[in-house]
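Engineer:
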Amino acid sequence: MIPVLGGAGRLALPDFTPGTVWLVGAGPGDPGLLTLLAAKALADADAVVYDALVDPAILDLANPAARLIDLGKRAGRPSPTQEAINDRLVALAREGLRVLRLKGGDPFVFGRGGEECLALADAGIAFRVVPGITAGIGGMAYAGIPVTHRGMATTATFVTGHDKSGALPDNLDFGVLAALPGALVFYMALGTLDEIARRLVAAGKPPMTPVAIVSSASTAAQTVIESNLARCAEDAARSQPKRPAIIVVGEVVRLRGWIASLQQTGPVQTGCGSKAAQSLCA
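The letter at position 261 of the sequence shown is residue 261 when you use full-length UniProt numbering, and the numbering goes up by one with no holes.
1) Between Ala45, Asp106, Ala221, which lies nearest to alanine 62 when the distance is taken from Cα to Cα?
2) Do you know how far the Cα of serine 215 is from the Cα of threonine 223?
3) For lysine 103, which beta-bridge partners are listed by DSSP?
4) Contact check, alanine 183 vs alanine 153 under 8 Å by CB: the rounded distance?
5) By the DSSP assignment, the alpha helix (DSSP H) with aspartate 235 in it spans what residues?
6) Measuring CA to CA, which of Arg101, Leu180, Gly19 is closest to leucine 37?
7) Under a three-way DSSP split, which group does arginine 150 fall into?
8) What are the start and end residues of the alpha helix (DSSP H) that includes valine 176?
9) Under three-state DSSP, which class holds threonine 223?
10) Could you check how far apart the C-beta atoms of glycine 144 and glycine 105 are, in whole angstroms? I think they sit under 8 Å.
11) Measuring alpha carbon to alpha carbon, tell me which residue in His162, Arg98, Thr157, Ala178 is nearest alanine 189.
12) How big is the Cα-Cα spacing for residue 283 and valine 24?
13) Taking the alpha-carbon of phenylalanine 127 as reference, which of Asp87, Arg98, Glu195, Gly138 has the nearest alpha-carbon?
14) Using only the alpha-carbon positions, how far apart do alanine 277 and alanine 84 sit?
15) For a quick check, are the C-beta atoms of glycine 160 and proline 169 less than 8 Å apart?
16) Please check the pair arginine 254 and proline 210, which I expect to be a contact at CB under 8 Å, by giving their CB distance rounded to whole angstroms.
17) State yes or no: is the C-beta of alanine 26 within less than 8 Å of the C-beta of leucine 34?
18) What residues are listed by DSSP as bridge partners for aspartate 87?
19) Counting along the chain, where does the alpha helix (DSSP H) carrying residue 301 start and finish?
20) Looking at C-alpha atoms only, which residue of Leu229, Val249, Gly191 is the closest neighbour of glutamine 240?
21) Alpha carbons only, please: which of Ala52, Ala65, Leu53 is nearest the one belonging to leucine 42?
22) Could you tell me whether the Cβ atoms of lysine 40 and leucine 13 are closer together than 8 Å?
23) In three-state DSSP terms, what is arginine 256?
24) Compare the beta carbon distance of proline 28 and glycine 139 with 8 Å and say whether it is the shorter of the two.
25) Return the CA-CA distance between threonine 157 and isoleucine 247, expressed in angstroms with no decimal places.
26) Locate the beta strand (DSSP E) running through valine 54, then write down its first and last residues.
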(Lines of atoms letter the chains of each structure in order from A and count residues from 1; the text may use other names and numbers.)
(Lines give C-alpha, C1' and ligand atoms only; values in the text may rest on other atoms or scores of the structure.)
Protein backbone atom coordinates (compact mmCIF):
# COMPACT_ATOMS: atom_id res chain seq x y z
CA MET A 1 0.00 0.00 0.00
CA ILE A 2 1.27 3.47 -0.91
CA PRO A 3 -0.04 6.45 1.05
CA VAL A 4 -1.64 9.25 -0.94
CA LEU A 5 0.28 12.40 -0.01
CA GLY A 6 -2.00 14.86 1.72
CA GLY A 7 -4.97 12.50 1.84
CA ALA A 8 -6.54 10.18 4.35
CA GLY A 9 -6.90 7.20 2.03
CA ARG A 10 -4.46 4.63 0.74
CA LEU A 11 -4.00 3.14 -2.69
CA ALA A 12 -4.31 -0.62 -3.07
CA LEU A 13 -1.74 -1.35 -5.77
CA PRO A 14 -1.52 -4.73 -7.53
CA ASP A 15 0.82 -7.40 -6.25
CA PHE A 16 4.04 -8.04 -8.16
CA THR A 17 3.62 -11.80 -8.51
CA PRO A 18 6.68 -14.10 -8.70
CA GLY A 19 7.21 -15.49 -12.18
CA THR A 20 5.82 -12.40 -13.92
CA VAL A 21 7.38 -9.49 -15.78
CA TRP A 22 6.51 -5.82 -15.38
CA LEU A 23 7.51 -3.57 -18.27
CA VAL A 24 7.90 -0.20 -16.59
CA GLY A 25 8.58 3.25 -17.97
CA ALA A 26 11.24 5.05 -15.93
CA GLY A 27 10.41 8.46 -17.38
CA PRO A 28 12.92 10.86 -18.92
CA GLY A 29 15.37 10.87 -16.00
CA ASP A 30 14.16 12.72 -12.91
CA PRO A 31 13.28 10.10 -10.25
CA GLY A 32 10.47 12.38 -9.11
CA LEU A 33 8.63 11.62 -12.34
CA LEU A 34 8.32 7.91 -11.57
CA THR A 35 4.77 6.67 -11.19
CA LEU A 36 3.59 5.06 -7.96
CA LEU A 37 3.50 1.69 -9.72
CA ALA A 38 7.07 2.18 -10.95
CA ALA A 39 8.24 2.93 -7.39
CA LYS A 40 6.48 -0.19 -6.14
CA ALA A 41 8.02 -2.31 -8.88
CA LEU A 42 11.51 -1.07 -8.03
CA ALA A 43 10.98 -1.85 -4.34
CA ASP A 44 9.55 -5.34 -4.96
CA ALA A 45 11.56 -6.66 -7.92
CA ASP A 46 13.91 -9.63 -7.64
CA ALA A 47 15.61 -8.77 -10.94
CA VAL A 48 15.83 -5.40 -12.70
CA VAL A 49 16.65 -5.59 -16.39
CA TYR A 50 17.35 -2.01 -17.39
CA ASP A 51 18.22 -0.19 -20.59
CA ALA A 52 20.82 2.44 -21.40
CA LEU A 53 18.45 5.39 -20.93
CA VAL A 54 17.62 4.71 -17.27
CA ASP A 55 19.19 7.31 -15.00
CA PRO A 56 21.49 5.76 -12.33
CA ALA A 57 19.60 7.69 -9.63
CA ILE A 58 16.52 5.62 -10.45
CA LEU A 59 18.45 2.37 -10.05
CA ASP A 60 19.38 3.58 -6.55
CA LEU A 61 15.72 3.08 -5.65
CA ALA A 62 15.73 -0.63 -6.43
CA ASN A 63 15.32 -3.39 -3.87
CA PRO A 64 18.87 -3.79 -2.45
CA ALA A 65 18.57 -7.57 -2.88
CA ALA A 66 17.57 -7.35 -6.54
CA ARG A 67 19.84 -8.45 -9.36
CA LEU A 68 20.62 -5.44 -11.57
CA ILE A 69 21.09 -6.58 -15.16
CA ASP A 70 22.31 -4.10 -17.77
CA LEU A 71 20.94 -5.04 -21.19
CA GLY A 72 20.99 -1.55 -22.67
CA LYS A 73 21.60 -0.78 -26.32
CA ARG A 74 24.12 1.96 -27.01
CA ALA A 75 24.81 3.55 -30.37
CA GLY A 76 28.15 2.53 -31.83
CA ARG A 77 28.85 -0.10 -29.17
CA PRO A 78 28.28 -3.84 -29.01
CA SER A 79 24.77 -4.37 -27.67
CA PRO A 80 22.52 -7.35 -26.97
CA THR A 81 20.02 -8.21 -29.67
CA GLN A 82 16.33 -7.77 -28.98
CA GLU A 83 15.93 -11.54 -29.23
CA ALA A 84 18.56 -12.03 -26.51
CA ILE A 85 16.75 -9.54 -24.26
CA ASN A 86 13.43 -11.31 -24.85
CA ASP A 87 14.99 -14.67 -24.01
CA ARG A 88 16.53 -13.30 -20.82
CA LEU A 89 13.21 -11.93 -19.60
CA VAL A 90 11.54 -15.27 -20.20
CA ALA A 91 14.33 -17.19 -18.48
CA LEU A 92 14.27 -14.96 -15.39
CA ALA A 93 10.50 -15.26 -15.09
CA ARG A 94 10.75 -19.04 -15.36
CA GLU A 95 13.12 -18.95 -12.38
CA GLY A 96 10.14 -17.69 -10.39
CA LEU A 97 11.50 -14.17 -10.04
CA ARG A 98 9.61 -10.90 -10.07
CA VAL A 99 11.20 -9.39 -13.15
CA LEU A 100 11.22 -5.64 -13.72
CA ARG A 101 11.99 -4.61 -17.28
CA LEU A 102 12.89 -0.96 -16.77
CA LYS A 103 12.90 1.31 -19.81
CA GLY A 104 13.66 4.98 -20.17
CA GLY A 105 10.60 7.07 -20.98
CA ASP A 106 7.56 4.95 -21.85
CA PRO A 107 7.84 1.29 -22.90
CA PHE A 108 5.53 1.80 -25.88
CA VAL A 109 7.12 4.99 -27.28
CA PHE A 110 10.15 3.96 -29.34
CA GLY A 111 11.00 1.51 -26.57
CA ARG A 112 10.25 -1.80 -28.34
CA GLY A 113 7.95 -2.67 -25.48
CA GLY A 114 5.40 -4.13 -27.85
CA GLU A 115 7.94 -6.63 -29.16
CA GLU A 116 8.80 -7.72 -25.63
CA CYS A 117 5.13 -8.13 -24.74
CA LEU A 118 4.60 -10.34 -27.79
CA ALA A 119 7.63 -12.45 -26.86
CA LEU A 120 6.37 -12.88 -23.29
CA ALA A 121 2.89 -13.78 -24.50
CA ASP A 122 4.34 -16.31 -26.92
CA ALA A 123 6.26 -17.90 -24.02
CA GLY A 124 3.19 -17.96 -21.77
CA ILE A 125 4.64 -15.44 -19.29
CA ALA A 126 2.17 -13.10 -17.59
CA PHE A 127 3.15 -9.43 -17.68
CA ARG A 128 2.00 -5.93 -16.83
CA VAL A 129 2.80 -2.69 -18.68
CA VAL A 130 3.34 0.40 -16.51
CA PRO A 131 3.41 3.57 -18.61
CA GLY A 132 6.03 6.24 -18.02
CA ILE A 133 6.46 9.86 -19.05
CA THR A 134 8.11 9.90 -22.45
CA ALA A 135 10.89 12.41 -23.13
CA GLY A 136 8.77 14.13 -25.75
CA ILE A 137 6.38 15.16 -22.97
CA GLY A 138 8.54 15.41 -19.85
CA GLY A 139 11.63 16.71 -21.61
CA MET A 140 9.72 19.49 -23.31
CA ALA A 141 8.03 20.42 -20.03
CA TYR A 142 11.34 20.67 -18.17
CA ALA A 143 12.74 22.76 -21.02
CA GLY A 144 9.80 25.17 -20.76
CA ILE A 145 8.30 24.23 -24.12
CA PRO A 146 4.58 23.35 -24.31
CA VAL A 147 3.76 20.31 -26.40
CA THR A 148 0.57 22.02 -27.63
CA HIS A 149 -0.54 25.64 -27.34
CA ARG A 150 -3.87 27.13 -28.33
CA GLY A 151 -3.65 29.07 -31.58
CA MET A 152 -0.07 27.97 -32.20
CA ALA A 153 0.26 24.19 -32.06
CA THR A 154 -2.80 22.00 -32.49
CA THR A 155 -0.86 18.80 -33.14
CA ALA A 156 2.22 17.08 -31.77
CA THR A 157 4.04 14.41 -33.74
CA PHE A 158 6.66 12.04 -32.35
CA VAL A 159 9.13 10.80 -34.97
CA THR A 160 12.07 8.40 -34.73
CA GLY A 161 15.30 9.87 -36.03
CA HIS A 162 16.82 6.64 -37.25
CA ASP A 163 16.07 3.06 -38.20
CA LYS A 164 18.03 -0.03 -37.18
CA SER A 165 20.80 0.87 -39.64
CA GLY A 166 21.22 4.34 -38.13
CA ALA A 167 19.75 6.13 -41.16
CA LEU A 168 16.46 8.01 -41.37
CA PRO A 169 13.56 5.62 -41.96
CA ASP A 170 12.60 5.34 -45.63
CA ASN A 171 8.90 5.74 -44.90
CA LEU A 172 9.06 9.25 -43.41
CA ASP A 173 7.02 11.65 -45.57
CA PHE A 174 8.66 15.03 -45.07
CA GLY A 175 5.98 16.73 -47.13
CA VAL A 176 3.40 15.65 -44.58
CA LEU A 177 5.65 16.47 -41.61
CA ALA A 178 6.46 19.94 -42.92
CA ALA A 179 2.77 20.79 -43.31
CA LEU A 180 1.66 19.75 -39.81
CA PRO A 181 0.46 22.67 -37.65
CA GLY A 182 2.32 21.80 -34.48
CA ALA A 183 5.48 20.53 -32.88
CA LEU A 184 7.61 17.84 -34.47
CA VAL A 185 9.52 15.92 -31.81
CA PHE A 186 12.36 13.77 -33.12
CA TYR A 187 13.82 11.04 -30.93
CA MET A 188 17.34 9.63 -31.37
CA ALA A 189 18.01 12.15 -34.12
CA LEU A 190 21.32 13.86 -33.34
CA GLY A 191 23.10 11.77 -35.95
CA THR A 192 20.56 12.60 -38.65
CA LEU A 193 19.76 16.20 -37.68
CA ASP A 194 21.40 17.76 -40.72
CA GLU A 195 19.36 15.61 -43.11
CA ILE A 196 16.15 16.18 -41.14
CA ALA A 197 16.58 19.96 -41.28
CA ARG A 198 17.45 19.96 -44.98
CA ARG A 199 14.52 17.77 -45.93
CA LEU A 200 12.02 19.77 -43.87
CA VAL A 201 13.16 23.00 -45.55
CA ALA A 202 13.06 21.35 -48.97
CA ALA A 203 9.49 20.25 -48.22
CA GLY A 204 8.41 23.82 -47.45
CA LYS A 205 9.16 24.41 -43.77
CA PRO A 206 10.58 27.94 -43.34
CA PRO A 207 14.34 27.91 -42.62
CA MET A 208 13.81 30.17 -39.59
CA THR A 209 11.41 27.71 -37.93
CA PRO A 210 12.54 27.46 -34.29
CA VAL A 211 14.36 24.34 -33.12
CA ALA A 212 15.29 23.22 -29.61
CA ILE A 213 17.72 20.43 -28.81
CA VAL A 214 16.96 19.12 -25.31
CA SER A 215 19.74 16.92 -23.98
CA SER A 216 19.64 14.74 -20.84
CA ALA A 217 16.09 15.92 -20.27
CA SER A 218 14.88 16.44 -16.67
CA THR A 219 18.27 15.52 -15.15
CA ALA A 220 20.83 17.77 -13.47
CA ALA A 221 22.81 17.61 -16.74
CA GLN A 222 19.95 18.92 -18.90
CA THR A 223 20.93 21.43 -21.58
CA VAL A 224 18.79 23.21 -24.15
CA ILE A 225 20.13 24.62 -27.41
CA GLU A 226 17.78 27.03 -29.18
CA SER A 227 18.29 27.38 -32.91
CA ASN A 228 16.39 27.15 -36.19
CA LEU A 229 16.24 24.81 -39.16
CA ALA A 230 18.82 26.82 -41.09
CA ARG A 231 21.58 26.43 -38.52
CA CYS A 232 20.57 23.73 -36.00
CA ALA A 233 22.95 21.12 -37.41
CA GLU A 234 25.84 23.58 -37.23
CA ASP A 235 24.91 24.59 -33.68
CA ALA A 236 24.70 20.95 -32.61
CA ALA A 237 28.08 20.16 -34.17
CA ARG A 238 29.64 23.07 -32.30
CA SER A 239 27.98 22.40 -28.92
CA GLN A 240 28.11 18.58 -29.01
CA PRO A 241 25.02 17.92 -26.84
CA LYS A 242 25.06 14.65 -24.96
CA ARG A 243 22.79 11.75 -25.79
CA PRO A 244 19.96 11.08 -25.21
CA ALA A 245 18.40 14.15 -26.76
CA ILE A 246 15.15 15.14 -28.40
CA ILE A 247 14.84 17.63 -31.25
CA VAL A 248 11.79 19.90 -31.13
CA VAL A 249 10.80 21.72 -34.32
CA GLY A 250 8.00 24.27 -34.24
CA GLU A 251 6.71 27.65 -33.16
CA VAL A 252 6.14 26.47 -29.57
CA VAL A 253 9.90 26.75 -29.03
CA ARG A 254 9.46 30.54 -29.09
CA LEU A 255 7.48 30.33 -25.83
CA ARG A 256 10.47 29.01 -23.93
CA GLY A 257 11.88 32.48 -23.26
CA TRP A 258 8.84 33.40 -21.18
CA ILE A 259 8.06 30.05 -19.59
CA ALA A 260 11.58 28.95 -18.66
CA SER A 261 12.49 32.30 -17.08
CA LEU A 262 10.45 31.65 -13.92
CA GLN A 263 9.83 27.92 -14.16
CA GLN A 264 11.02 25.88 -11.20
CA THR A 265 12.83 22.76 -12.37
CA GLY A 266 15.47 20.35 -11.17
CA PRO A 267 15.49 16.61 -10.52
CA VAL A 268 14.42 15.10 -7.22
CA GLN A 269 17.38 13.86 -5.18
CA THR A 270 17.24 10.16 -4.34
CA GLY A 271 19.18 10.61 -1.11
CA CYS A 272 19.74 7.29 0.66
CA GLY A 273 19.20 4.99 -2.29
CA SER A 274 16.75 2.14 -2.08
CA LYS A 275 15.47 3.26 1.33
CA ALA A 276 13.64 6.05 -0.46
CA ALA A 277 11.64 3.59 -2.51
CA GLN A 278 11.01 1.43 0.54
CA SER A 279 9.57 4.40 2.41
CA LEU A 280 7.23 5.08 -0.49
CA CYS A 281 6.04 1.52 -0.67
CA ALA A 282 5.81 0.62 3.01
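No residue lacks a Cβ here, since even glycine has one placed at the ideal position from N, Cα and C.
Structural biologist: The relevant details are as follows:
1) Ala45
2) The alpha-carbon atoms of threonine 223 and serine 215 are separated by roughly 5 Å.
3) The bridge partners DSSP lists for lysine 103 are Gly25.
4) 5 Å
5) Looking at the DSSP string, the run of the alpha helix (DSSP H) that includes aspartate 235 is 232-239.
6) Arg101
7) coil
8) 174-179
9) For threonine 223, the secondary structure class from DSSP, reduced to helix, strand or coil, is strand.
10) With a Cβ gap of about 19 Å, glycine 144 and glycine 105 do not count as contacting.
11) His162
12) Residue coverage of the chain in this structure runs from 1 to 282, which leaves residue 283 outside it and unanswerable.
13) Minimum Cα distance to phenylalanine 127 is reached at Arg98.
14) Here alanine 277 scores only 38 on pLDDT, less than 50, and its place in the model should not be relied on; the value that follows carries that caveat. So the two alpha carbons sit approximately 29 Å from each other.
15) According to the sequence as given, residue 160 is threonine; it is not glycine. In contact: threonine 160 and proline 169 (Cβ atoms closer than 8 Å).
16) 5 Å
17) yes
18) DSSP output for aspartate 87 lists no bridge partner at all.
19) The chain is shown only over 1 to 282; residue 301 falls outside these bounds and no answer can be derived.
20) Gly191
21) When each option's Cα is compared against that of leucine 42, the closest is Ala65.
22) Taking the C-beta atoms as reference points, leucine 13 is found nearer than 8 Å to lysine 40.
23) Of the three classes helix, strand and coil, the one that applies to arginine 256 here is helix, per DSSP.
24) A distance below 8 Å separates the beta carbons of proline 28 and glycine 139.
25) 12 Å
26) Careful: valine 54 lies outside any beta strand (DSSP E) and carries neither H nor E.
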